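So for the sequence shown, the working numbering puts the first residue at 498; every next one is plus one. Everything below concerns the one structure shown next.
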Amino acid sequence: MPSLTQEKKLKPVLMISAIIFGGFTFVASVHAQSVPFTTAAFSDVPKTSANFAAIDYLREQNIVRGYTDGSFKPTNLIRRSEFVMLATNPFLLDPITKEDCIAAHVAASGSTVFFSDVPRDIWYATPVCIAKVRNVLDGYPDGTFRGADFISFVEASKILANVFIGTDRKDTDPETWYKSYVQWLSDQKVIPTSIRSLSQKLTRGEMAEMIWRLKTDTRNKASASVATIAKK
Numbered sequence: 498m499p500s501l502t503q504e505k506k507l508k509p510v511l512m513i514s515a516i517i518f519g520g521f522t523f524v525a526s527v528h529a530q531s532v533p534f535t536t537a538a539f540s541d542v543p544k545t546s547a548n549f550a551a552i553d554y555l556r557e558q559n560i561v562r563g564y565t566d567g568s569f570k571p572t573n574l575i576r577r578s579e580f581v582m583l584a585t586n587p588f589l590l591d592p593i594t595k596e597d598c599i600a601a602h603v604a605a606s607g608s609t610v611f612f613s614d615v616p617r618d619i620w621y622a623t624p625v626c627i628a629k630v631r632n633v634l635d636g637y638p639d640g641t642f643r644g645a646d647f648i649s650f651v652e653a654s655k656i657l658a659n660v661f662i663g664t665d666r667k668d669t670d671p672e673t674w675y676k677s678y679v680q681w682l683s684d685q686k687v688i689p690t691s692i693r694s695l696s697q698k699l700t701r702g703e704m705a706e707m708i709w710r711l712k713t714d715t716r717n718k719a720s721a722s723v724a725t726i727a728k729k
């Protein structure tokens with residue numbers, strides 16, 4: 498698990514293609530209408546689910562399409578690469594550029610894209626490229642991005658705060674780099690009550706809940722706060 502002090506700067510980036518990861522599809526295209534729409538509600542997200550409204554909203558907007566068996570698997574954890582791709586969908590951010598980022602900014606002889614663990618042919622290489630070129634993220638001190646790692650609540654908080662605020666809310670203390678992001682989300686009342694610690698890994702249901710509340714300005718649901726989240 499990455500420590501809270503390791504995470505470097507993360508901001509919004511543009512998603513420019515549709516991806517399928519572990520059977521779960523995130524719509525990430527400026528031509529999203531060409532991707533088949535999931536017309537039925539997900540089989541494992543009943544209307545009684547705490548995250549039903551959020552997940553169904555993203556489904557109706559064709560942002561997520563779930564698994565081939567019709568499920569969404571809301572309790573599954575979400576990876577850093579998946580979250581960065583999803584959070585930067587044009588539905589949430591205006592398109593940034595149509596250029597081929599890798600061709601324009603990465604040496605033709607290079608086998609990786611800015612980070613030692615991001616091969617240029619991996620499905621999230623272009624979004625990572627755009628994010629780096631735009632000074633959106635720095636990755637980890639060892640030069641890695643760690644896209645396969647499950648994202649923590651504080652990592653997701655920084656991305657979401659930057660997506661919806663549009664600025665990097667830096668904290669002068671490297672030990673508490675996450676403080677201003679978490680505080681902002683707490684003030685907005687968008688943190689699911691299932692979040693109990695800063696280092697907690699985020700589920701797909703929690704991801705949908707936070708994005709839905711921010712996108713639709715929903716502030717009347719029970720939410721966790723800085724005071725209720727353990728500092729670990």
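Cβ coordinates follow ideal geometry from the N, Cα and C atoms, glycine included. Quantities reported herein were computed from a predicted structural model and do not represent experimental measurements.
Check                                                                                                                                                       : Outcome
In chain order, which continuous runs of the alpha helix (DSSP H) of length 4 or greater are located wholly inside the region 542-598?                      : 549-557, 577-584
Using a Cβ-Cβ cut-off of 7 Å (strictly less than) and excluding sequence neighbours within five positions of F611, which residues of its own chain qualify? : V625, C626, K629
Quick check on K698: does DSSP put it in helix, strand or coil?                                                                                             : strand
Tell me the rounded alpha-carbon separation between Y675 and K655.                                                                                          : 7 Å
Confirm, please, whether the CB-CB distance from Q697 to S649 is below 8 Å.                                                                                 : yes
Give me the DSSP bridge partner(s) of A727.                                                                                                                 : S694
Got a sec, what are the start and stop residues for the alpha helix (DSSP H) I648 sits in?                                                                  : I648 -> no alpha helix (DSSP H), and no H or E assigned at all.
Just tell me which of V615, G640, A705, D639 has its CA closest to the CA of W572.                                                                          : Per the sequence presented here, residue 572 reads as Thr, with Trp not at that position. Closest option to T572, Cα to Cα, is A705.
For P671, which three-state DSSP category applies?                                                                                                          : helix
By how many angstroms is the C-alpha of D553 removed from the C-alpha of K559?                                                                              : Checking the displayed sequence, the identity of residue 559 turns out to be Asn instead of Lys. Rounded to the nearest angstrom, the two C-alpha atoms are 10 Å apart.
Using the Cβ count rule (16 or more neighbours within 10 Å means buried), how would you classify T545?                                                      : exposed
Please classify R577 as buried or exposed, where buried requires at least 16 neighbouring CB atoms within 10 angstroms.                                     : buried
Any beta carbon of chain D sitting closer than 8 Å to that of N717?                                                                                         : Absent from the structure: chain D. Only one protein chain is present.
Quick one: Cα of F588 to Cα of Y678, how far?                                                                                                               : 21 Å
Checking the sheet assignment: what are the DSSP bridge partners for T609?                                                                                  : P616
What do you get for E652, buried or exposed, if any count of 16 or more other CB atoms within 10 angstroms of its CB means buried?                          : buried
Give the range of the alpha helix (DSSP H) segment to which K676 is assigned.                                                                               : 676-685
Quick check: what's the CA-CA separation for D670 versus Q680?                                                                                              : 15 Å
Can you tell me whether DSSP reads M498 as helix, strand or coil?                                                                                           : Summary for M498: the model assigns pLDDT 41, below 50, so the residue's position carries little reliability, and this model does not support an answer.
How many whole angstroms separate the CB atoms of I575 and T725, which I take to be in contact at a CB cut-off of 8 Å?                                      : The Cβ separation is near 22 Å, so there is no contact.
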